[in-house]
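Undergrad: Those protein sequences? They're chains A and B, same order as listed. To get the numbering used here, take the position in the first sequence, counting from 1, and add 6. To get the numbering used here, take the position in the second sequence, counting from 1, and add 577. The C-beta atom is built at its ideal place from N, Cα and C for all residues, glycine as well. One structure, pasted below without further comment.
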Amino acid sequence: MTRPDALLPNAGIVARREYRDRTRSPLFVASTIILAALALGVALAPIAIRYLDRETVTRIAVVADDDRLATMAIGVADSLLNVPPAGGDPDRWEKTFALERVQDRTEAEERLATAEVDGIMTVERLASGQLDVRYRTNGPADGVRSQLVGFAAIAVSILDWTATLPPDSQLGAFQTPRFAVESINVPTAGGEPVDQQELASRAFLGIVFVVLIFITVVIYGMWVATGVAAEKSSRVMELMISAASPRQLLTGKVVGIGLAGITQYLAIVIPALAVLAVQDRIAEAILGPTWAAGAPIVGLTPSLLLAYGVFFLLGFTLFALIYASMGAFVSRPDDLQTLSLPLSLLAMGGYLAAIMALGGGGSQGLTRLLSFVPPFSPFVMLARVMTGSVQPWELVLSIALMVVAIVVVAAVAVRLYAAGVLLYGQRPGVRAFIAAARRAV
Amino acid sequence: MAGPLPCTSPYAPRTIGPRRIRRPGAILPRVTLDIDHVTKRFAANVALDDLAFSAPQGRIFGFLGANGAGKTTTMRICLGILRADAGEVRWRGTPATALPRRTWGYLPEERGLYPRMAVLDQLVYFASLYGQAPDVARRDARHWLKRFRIADYADRRAEELSKGNQQKVQFIAAVLHGPEVLLMDEPFTGLDPVNLALLREAFLELRDDGRTILFSTHQMESAEALCESLAIVDQGRVVAAGTLAEIKRTSRARTVRLGAEGPTLPAWLAAVPGVTAVRPGAGFAELELGPETDPSDVLATALARGVEVTHFEVAEPSLEAIFIEKVGHPAGDAPTLAEDVADSDPDDDAAARSTVRGAA
């Protein structure tokens with residue numbers, strides 16, 4: 007077509023209508039509210055889990071032969087197991103182990119059987135003078151709390167032993183050993199070691215981001231396709247195509263629906279991010295300082311969010327253009343299912359490769375290759391960025407290749423769209439697609 | 578290149594600029610919409626076969642043809658939606674492909690609006706795409722809605738309107754941006770007599786306002802009432818073109834109006850070959866005569882049978898008779914579907930087409 011149609015203002019007018027139409031629909035509002043609530047729930051989940059965890063008090067019945075042993079065992083175990091947090095408010099802190107003396111062993115067994123207590127600690131002195139400490143529990147032997155009780159048993163025996171030393175003993179006072187952990191061969195980010203918690207957090211975030219980018223690209227892409235198909239089936243396309251060029255219509259549609267998608271995305275993510283940002287304070291208010299220590303989601307940096315934004319935009323634009331030209335080729339929105347399946351599989355390919363990369367599975371070489379190849383690169387490169395170790399040039403190359411792909415696909419999509427929107431009553435098929443594109447204006 | 582006419586409001590028609598030429602005369606050059614030997618093929622089907630005619634500026638031009646004759650394809654080529662394989666469309670000497678979109682106003686045969694969008698909003702939206710300022714479009718749209726007696730529907734969703742009212746909204750969408758040329762594909766289909774009269778009135782007003790209107794129709798009565806000139810197309814070719822009077826002169830068909838004493842008109846007419854009784858009735862009949870039949874044969878036969886003739890008139894043939902003569906079948910019958918293969922849904926009937934379907 008030789009008619010000089012500038013992209014603006016018509017693409018902007020179309021985009022504004024698409025945006026309003028989308029964001030004002032009750033379905034959009036309802037789904038946004040539900041998803042935002044879900045995201046908030048996920049963001050608050052770690053605090054909730056720790057809140058529930060805080061409530062878990064391990065009750066231990068202490069059974070001993072004599073009062074002195076019982077008192078000593080309870081005193082030592084209590085001071086050893088219930089360590090108040092540094093800098094916390096002791097008044098608001100609740101002990102995690104509750105120790106009480108039970109005189110009768112049978113009674114203690116009954117209470118264990120009915121789960122009134124979580125364990126029984128029996129302290130007996132053998133004929134040799136050695137202490138015999140047993141911990142009977144319904145929990146696992148190698149559970150953290152069982153091991154702590156074992157540690158307490160040793161402390162009881164040390165205290166018992168030092169109590170039996172004569173006053174003029176040559177042995178000096180008991181000295182605590184120096185203890186330090188040197189961690190080697192751990193993953194690093196920019197030379198700085200990444201701790202296990204952060205690494206796990208980033209892998210978790212990576213999965214969340216890759217799932218999110220996959221779902222949004224496919225769902226918002228389908229919005230574009232159904233929008234085009236609905237315009238066609240309602241025949242309003244006849245008016246549109248004479249009022250604006252296919253390039254203006256296609257651009258307006260993709261931009262308008264893309265913006266609606268971003269709006270929904272922000273409406274979901276901003277409250278969740280706000281909660282994450284202040285989760286320490288929320289945790290402190292709800293749980294007290296002991297349990298608030300340590301952010302559950304670490305590694306959520308602005309640069310990672312930016313990477314997500316960039317790859318979402320690139321991925322959405324590429325897929326939306328293809329979805330739009332598919333929408334132009336069906337006479338009824340129902341027929342879209344047939345056409346959209348191969349495209350969904352394409353997105354699924356990128357998604358699976360990204361998930362494998364995050365899990366450390368799959369071939370490293372293949373992952374690296376796919377992180378440059380559109381349309382897989384938005385998923386796979388995002389996964390690589392999330393787990394670290396991406397060179398800046400790799401990022402630039404991946405983005406540049408996506409931009410090139412978008413330009414090429416856009417040129418083809420405009421032709422397909424122009425040809426497709428005026429075809430009615432034909433079965434959607436590759437041959438019709440190509441034939442129509444050839445004779446398109 | 579011609580710009581849009583300065584007039585935007587239907588209620589301010591007197592502001593038309595000096596470029597307007599209402600009645601082309603001997604002094605001024607005859608400016609027209611030229612369909613210059615246009616050919617368009619869809620695969621093996623020839624939709625337009627060296628189609629050529631000219632529609633004068635500031636006139637109502639009828640574009641008649643059976644379904645699939647190439648009318649919609651011609652309009653789409655004017656609009657630049659389709660590209661001609663050969664030939665060219667020009668408006669005032671400028672190729673259509675070089676003209677701004679707002680030159681044209683289009684009422685497609687396939688009616689459609691955004692089902693869930695308010696009527697006024699969509700009118701403003703379409704006018705905005707043609708470059709009309711939203712506030713001007715809003716004001717003019719309200720004028721038109723009031724004029725078409727649907728002002729109360731301005732804020733209703735399109736899907737809540739009847740088919741006829743939706744059609745009027747589409748008509749407004751086509752004229753709101755003040756186009757120089759209006760391409761109207763079957764504008765009168767499905768309208769009741771009151772709305773038909775409203776729309777015809779609007780046609781005449783737009784013409785007086787200097788707009789050029791090219792419209793297709795199957796309703797010969799509307800064409801006869803409105804068109805100053807017309808073209809009849811069949812299978813992508815022009816079979817007759819010119820002013821209504823010129824076309825009637827080329828026809829060999831005749832209409833005879835015959836009054837006679839006596840009972841129901843008459844069995845004896847069957848004895849005269851090439852005669853069709855269009856409006857047979859007691860004591861009066863209107864007869865269409867084929868090209869081979871002379872009107873005097875009818876009179877002679879009547880007198881020979883001893884019929885007492887009270888009225889005998891040889892009139893110009895009706896447009897419908899001419900159409901049948903030129904095309905070989907009544908308007909609306911579709912001998913070929915070459916056009917449909919490319920651009921319409923064979924599953925749909927006319928009623929379904931004019932319904933707003935699908936979801937926005």
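(1) Met694 of chain B by DSSP, collapsed to three states: which one?
(2) Does chain A have any CB closer than 9 Å to the CB of Gln747 of chain B?
(3) For the stretch 634-659 of chain B, which residues have a beta carbon sitting closer than 7 Å to at least one beta carbon of chain A?
(4) Does Ile449 of chain A get closer than 9 Å to chain B when you measure Cβ to Cβ?
(5) Between Ala334 of chain A and chain B, is there a C-beta pair that is closer than 9 Å?
(6) Could you check what DSSP says for Thr453 of chain A in three-state terms: helix, strand or coil?
(7) Which residues does DSSP pair with Val815 of chain B in a beta bridge?
(8) Answer yes or no: does any C-beta atom of chain A fall closer than 9 Å to that of Ala915 of chain B?
(9) Which runs of the beta strand (DSSP E) fall wholly inside the stretch 613-637 of chain B and span at least 3 residues, in chain order?
(10) Determine, for Phe685 of chain B, whether the minimum Cβ-Cβ distance to residues of chain A falls below 9 Å.
(11) So that I know if they touch, is there some Cβ in chain B lying closer than 9 Å to that of Met228 of chain A?
(12) State yes or no: is the beta carbon of Tyr730 of chain B nearer than 9 Å to at least one beta carbon in chain A?
(13) If the cut is a Cβ gap below 9 Å, which residues of chain B does Ile19 of chain A touch?
(14) Name, please, each residue of chain B whose Cβ falls closer than 7 Å to the Cβ of Val242 of chain A.
(15) Give the DSSP bridge partners of Ser793 of chain B, in chain order.
(16) Using a Cβ cut-off of 8 Å, pull out every chain A residue sitting near Arg733 of chain B, in sequence order please.
(17) Does the beta carbon of Val678 of chain B sit closer than 9 Å to a beta carbon anywhere in chain A?
(18) Is the Cβ of Asp11 of chain A closer than 9 Å to any Cβ of chain B?
(19) Sort A:Asp71, A:Ser383, A:Val63 and A:Leu75 by Cα distance to Ala121 of chain A and report the nearest one.
(20) Taking 9 Å as the cut-off, decide whether the C-beta atoms of Phe861 of chain B and Gly883 of chain B are in contact.
(21) Give the single residue among B:Thr671, B:Gly642 and B:Leu722 whose Cα lies nearest to the Cα of Leu807 of chain B.
(22) Give me the DSSP bridge partner(s) of Pro672 of chain B.
(23) Would you mind stating whether Val696 of chain B and Arg734 of chain B have Cβ atoms separated by less than 9 Å?
(24) Given this structure, state the Cα-to-Cα distance separating Ala779 of chain B from Leu773 of chain B, to the nearest angstrom.
(25) Quick one, which of B:Gly664, B:Val855, B:Leu803 and B:Ser739 has its alpha-carbon nearest Arg688 of chain B's?
(26) Considering just the uninterrupted stretch of the alpha helix (DSSP H) at Glu885 of chain B, what are its terminal residues?
(27) Pick from B:Pro711, B:Glu686, B:Gln634 and B:Val849: whose alpha carbon is nearest that of Ala877 of chain B?
(28) Under the rule that 16 or more other beta-carbon atoms within 10 Å means buried, what is Arg151 of chain A, buried or exposed?
(29) Which whole-angstrom value describes the C-beta separation of Val162 of chain A and Met78 of chain A, a residue pair presumed to lie in contact below a C-beta threshold of 8 Å?
(30) Would you say Arg23 of chain A faces chain D, with C-beta separation under 9 Å as the test?
(31) Report the neighbours of Trp681 of chain B on chain A: residues whose CB is nearer than 9 Å to its CB, in chain order.
(32) Does Met797 of chain B get closer than 9 Å to chain A when you measure Cβ to Cβ?
(33) Taking 6 Å as the limit between beta carbons, can you name the residues of its chain near Leu14 of chain A, skipping five residues before and five after?
(34) What is the rounded straight-line gap between the Cα of Thr870 of chain B and the Cα of Val891 of chain B?
(35) Using a Cβ-Cβ distance under 9 Å, would Asp341 of chain A count as near chain B?
(36) What is the rounded straight-line gap between the Cα of Leu86 of chain A and the Cα of Asp138 of chain A?
TA: Reading from the atomic positions:
(1) Secondary structure of Met694 of chain B (DSSP, three-state): coil.
(2) Yes, Gln747 of chain B counts as interfacial toward chain A.
(3) Residues passing the 7 Å Cβ filter: Leu656, Gly657, Ile658 and Leu659.
(4) No answer is possible for residue 449 of chain A: it lies beyond the span of chain A, which begins at 7 and ends at 447.
(5) No, no contact with chain B.
(6) Lying before the first or after the last residue shown, residue 453 of chain A is absent from chain A, which here runs from 7 to 447.
(7) DSSP lists B:Val810 as the beta-bridge partner residues of Val815 of chain B.
(8) Because the pLDDT of Ala915 of chain B is 37, which lies under 50, any placement of that residue in the model is unreliable, and the number read from its coordinates should be weighed accordingly. For Ala915 of chain B, the answer is no, since every Cβ of chain A falls outside 9 Å of its Cβ.
(9) The beta strand (DSSP E) runs of length 3 or more contained entirely in the stretch 613-637 of chain B are, from start to end of the chain, 622-633.
(10) It should be noted that the sequence gives Pro, not Phe, for residue 685 of chain B. Cβ-Cβ to chain A under 9 Å: yes for Pro685 of chain B.
(11) Contact with chain B is absent for Met228 of chain A, since none of that chain's Cβ atoms lies less than 9 Å from the residue's Cβ.
(12) It does not: the Cβ of Tyr730 of chain B has no partner Cβ on chain A nearer than 9 Å.
(13) Residues of chain B with a Cβ closer than 9 Å to the Cβ of Ile19 of chain A are, in chain order, Tyr702, Ser705 and Leu706.
(14) Correct list: Gly689, Leu690 and Tyr691.
(15) DSSP output for Ser793 of chain B lists B:Phe640 and B:Asp762 as bridge partner(s).
(16) For Arg733 of chain B, no chain A residue has a Cβ inside 8 Å of its Cβ, as the nearest lies near 16 Å away.
(17) The sequence shown places Arg at residue 678 of chain B, not Val. For Arg678 of chain B, the answer is yes, since a Cβ of chain A falls inside 9 Å of its Cβ.
(18) Any Cβ of chain B closer than 9 Å to the Cβ of Asp11 of chain A would place that residue at the interface, and such an atom is present.
(19) It is A:Val63.
(20) No, these two residues do not count as a Cβ contact at 9 Å.
(21) Checked all of B:Thr671, B:Gly642 and B:Leu722; the closest Cα to Leu807 of chain B is B:Gly642.
(22) DSSP lists B:Arg667 as the beta-bridge partner residues of Pro672 of chain B.
(23) For the pair Val696 of chain B and Arg734 of chain B, the CB atoms are nearer than the 9 Å cut-off.
(24) Approximately 10 Å between the Cα atoms of the pair.
(25) Here the closest residue by C-alpha is B:Ser739.
(26) Here Glu885 of chain B belongs to no alpha helix (DSSP H), and DSSP marks it neither H nor E.
(27) Comparing Cα positions, the closest option is B:Val849.
(28) Arg151 of chain A should be labelled buried.
(29) Indeed they touch by this definition, with Cβ atoms about 6 Å apart.
(30) Annotation note: the requested chain D is absent from the structure, which comprises protein chains A and B.
(31) The answer, in chain order, is Ser248.
(32) It does not: the Cβ of Met797 of chain B has no partner Cβ on chain A nearer than 9 Å.
(33) There are no such residues.
(34) Taking the CA atoms as reference points, Thr870 of chain B sits about 12 Å from Val891 of chain B.
(35) Judged by the 9 Å Cβ criterion, Asp341 of chain A is not in contact with chain B.
(36) Each residue's Cα considered, the two are about 19 Å apart.
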